[in-house]
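Asker: What follows is a single structure, and I will ask about it in a moment.
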């Protein structure tokens, strides 16, 4: 039987936290450690294909993604080729 609380709509933040927790539990069951951090940022209407194209063109993505994401993309040399 479902509780009344389970009938309430989830906020995007709550849904994201629940998904992260479920994934972490499944990985922990297989002895795989997972670290995650939810980053609050405004929604930006931009597609991942635009970000990839900017990277291929060696254009800055600083205003398109959080700094930590930009750092990771640059460190891993992601999206430099098609």
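Numbering (our numbering), first residue to last: 739 to 820.
Idealized CB from N, CA, C, for every residue including glycine.
#1: Distance, Cα to Cα, residue 791 vs residue 810?
#2: CA-CA distance, residue 754 and residue 784?
#3: Kindly indicate which three-state DSSP category residue 759 falls into: helix, strand or coil?
#4: According to DSSP, is residue 765 part of a helix, a strand, or is it coil?
#5: In three-state terms, what does DSSP make of residue 795?
Answerer: Considering the structure as presented:
#1: 16 Å
#2: 20 Å
#3: helix
#4: helix
#5: coil
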